[in-house]
Each structure stands twice: as C-alpha cells, then as structure tokens.
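Student: Chains as they are written, first to last, in my numbering: chain G, 4 to 160; chain D, 4 to 160.
Here a beta-carbon is modelled for each residue, glycine too, at the ideal position from N, C-alpha and C.
Keep in mind the model is a prediction, meaning the values are calculated, not measured.
#1: Touch check for the segment 58-75 of chain D and the segment 87-106 of chain D: three-plus C-beta pairs under 8 Å?
#2: Just tell me which of G:46, G:33, G:93 has its CA closest to the CA of residue 21 (chain G).
#3: Would you mind telling me which residues of chain B sit closer than 7 Å to residue 139 (chain G), beta carbon to beta carbon, in chain order?
#4: In chain order, what residues of the same chain lie with their CB nearer than 7 Å to the CB of residue 79 (chain D), ignoring the 5 residues before and after it?
#5: In the DSSP assignment, find the unbroken beta strand (DSSP E) run with residue 108 (chain G) in it and report its ends.
#6: Under 9 Å between beta-carbons, which chain G residues line up against residue 151 (chain D)? List them in chain order, please.
#7: Less than 6 Å between C-beta atoms, sequence neighbours within five positions excluded: which residues of the same chain meet that for residue 114 (chain D)?
#8: For residue 159 (chain G), collect the residues of the same chain with a Cβ closer than 8 Å to its Cβ; drop the 5 residues on either side in sequence, then sort them by chain order.
#9: With 7 Å as the threshold, decide whether the Cβ of residue 101 (chain G) is near any Cβ in chain D.
#10: Just grab the DSSP bridge partners of residue 85 (chain G) for me.
#11: List the residues of chain G that residue 96 (chain D) touches, going by C-beta distances under 8 Å, in chain order.
#12: Taking only the alpha-carbon atoms, compute the straight-line gap between residue 19 (chain G) and residue 49 (chain D) and give it to the nearest angstrom.
#13: Taking the DSSP output, what are the residues bridged to residue 49 (chain D)?
#14: Please name the residue, chosen from G:81, G:75, G:53, G:30, that lies closest to residue 47 (chain G) on a Cα-to-Cα basis.
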C-alpha cells in the first residue's frame, strides 16, 4: 500500500477493505467503504446488490446511508475511503454532499468518474493496493455478468 | 404542463407527481419519480429522507431501488420521470445506468446537474409544471433547513 498515507489513514483504509471482505464472505460483491469525520468513522458499508437485491447500495452508498442524516457542514469535512474507484452514482453522491477528499483502493479493475470528481475540486488519492486489486480481479473473473450488472454494462459477457 | 409530451407521457409524469404528493402527505420532502420501460412503470418512489432517516433515498433513487436489480439493457431503454431537476447523486445514478431520457417537472426551485447530463448525451425535457413548482416552493419556504440538508447546502438558513 502507498506510503503516502498517514498511519491513521491506512487504518481507515483497512476498515474499508474489511467491509469489502465482509461483503465477499456474505456472497456479495467485494467493495467496501468508510466515511471519516474528525478522525472517526461515522459510516461504514459494503456493496449489497446481492444481499439486499439492491440497485443503489454500492459500498460507498451503503456507508453514506449508514452514516445517517447529516448536515452539509459535516460532509464538507469528511474523507471517503473506498476500495474501488467510485462509479458515476457514488461520484455524484460525493459531489452532492461536497466530500472534499476520497481515498481509493484501486482503479485497475474499474475506473469510475475520477475526471469529473477532480474537475469539481475533489482530492483523489489512488493507492493501487495489491490485495484489493487481486480480490476484485478474482471476483470479476468469476462473476462477469453480475459485475456488468453492477456497473450498468451491456452486453453482459 | 407542456404540450410537447404525449398523453401517455403526461400520464407517467402525473404518477411521479402523485409520488411527490404521497411523500408530502407522509410528512416528507415532496419529490417523486417513476422509471418507465416499454410503456410501463417498473419502479416508483419518493424522497424518504424524513420517513426512513435516509441520506440517499431521493425520489429518483427510491424509484431505482424499488425497480429492483435490472440488467443494463433494460435501463438503456428507460425514461426517468422526476418532479425536480436531478441532483448530482440522482444524475450520477442515471449516468451509471445509462438512462437515455429524463422528464423533469421543474428546475425553478432547484437546478441539478443538467449540464453534466446533457454533456453525456442524456435527453432532458423540462416541463416547468406550475403545480409542481408551487408545491416545492411552499415546502422549501416552510422547511429551509431540511431542504438545505437534502441538497447538501451549508450554511442552513
């Protein structure tokens, strides 16, 4: 993992990774996220497409939802940690709430709307964490149709 | 309401408006949406911030969620009807799933990420429906802090 993160930040990233592994253990898509405010995790979650038959509970969305209703002034000082580059939905949600900083596990298996996020002034840090890359690559290889469904891609292969 | 919609489309818009009114009757934020595929409503919903303590269930998100898990090829032929111009989250979700067309009740009280959607090739039709405009204006006037929370605005006034 990149040495550019502080030890505390690496700890938060590992919590997002734990969420991804939890999702995998549940039979779900292994993507996890945590939302951090003032050095504390205030929301955590993982992709629940399979577990809840959900079209919107990507890992980041689940973390936002589990953080509950918050005023804008909180979000504007949060960092979002996610194991995978955020798709358009999760990028849009981060933009709605003006999340200023996103730590991303990897963007090798999927590159989301990073250019859009950066154009809105969001700071992005890409870790290219090998463990995360491998876990996601294995999942996609074994579940290509499910993965395509999750990212809105057609035809499924 | 604009005469540019077909009678069938006007009917679908009225269903979105019904959802908004249902939300208002529940004590919630009056924004509703329906997702239409092949002349049928496959998902409907309304903002549930208050009702479910949700940070992500905007009207459009609720409609996507209630439509359930769908393959990309379905979304790519859907029209989304929503009473209010879609925020960054709902715009991003529409982009994730490549929704090609969005019918919007009004963008007077709030203008979402229309420029972004248009830049991605999404067809937008803005109705400027007077009943919708008035309902939303009244709600915002009476609940400014709640409204600011829903659209991630600070300071709340």
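Tutor: Reading off the structure:
#1: Contact check between the segment 58-75 of chain D and the segment 87-106 of chain D: three or more CB pairs, one atom from each, fall below 8 Å, which counts as touching.
#2: Translated into the one-based positions of the first chain, residue 21 (chain G) becomes position 18. Ranking G:46, G:33, G:93 by Cα distance to residue 21 (chain G) puts G:33 first.
#3: Protein chains in the displayed structure are G and D, and chain B is not among them.
#4: For the purposes of this step, residue 79 (chain D) is taken as the residue at position 76 of the second chain. Counting only Cβ-Cβ distances below 7 Å, and skipping sequence neighbours, we find 101, 103.
#5: The residue given as residue 108 (chain G) occupies position 105 in the first chain. 104-109 is the extent of the beta strand (DSSP E) around residue 108 (chain G).
#6: As a position in the second chain, residue 151 (chain D) is number 148, starting the count at 1. Correct list: 74, 75.
#7: As a position in the second chain, residue 114 (chain D) is number 111, starting the count at 1. Counting only Cβ-Cβ distances below 6 Å, and skipping sequence neighbours, we find 88.
#8: Here the question's residue 159 (chain G) lines up with position 156 in the first chain. Unreliable positioning characterises residue 159 (chain G) in this predicted model, as indicated by a pLDDT of 46, which lies under 50. The coordinate reading is nonetheless provided below. Taken in chain order, the residues that qualify are 147, 148, 151, 152.
#9: Numbered from its first residue, the first chain carries residue 101 (chain G) at position 98. Judged by the 7 Å Cβ criterion, residue 101 (chain G) is in contact with chain D.
#10: Locating residue 85 (chain G) in the first chain gives position 82, counting from the first residue. According to DSSP, which records beta bridges pairwise, residue 85 (chain G) is partnered with G:36, G:107.
#11: Stepping through the second chain from its first residue, residue 96 (chain D) is reached at position 93. By Cβ distance, chain G contributes 59, 91, 92, 95.
#12: As a first step, residue 19 (chain G) is located in the first chain; it is residue number 16 there, counting from the start. As a first step, residue 49 (chain D) is located in the second chain; it is residue number 46 there, counting from the start. Roughly 30 Å between the two C-alpha positions.
#13: To locate residue 49 (chain D), count along the second chain from 1; it is residue 46. Residue 49 (chain D) pairs with D:35.
#14: Mapped onto the first chain, residue 47 (chain G) falls at position 44. Residue G:81 holds the alpha-carbon nearest to the alpha-carbon of residue 47 (chain G) among G:81, G:75, G:53, G:30.
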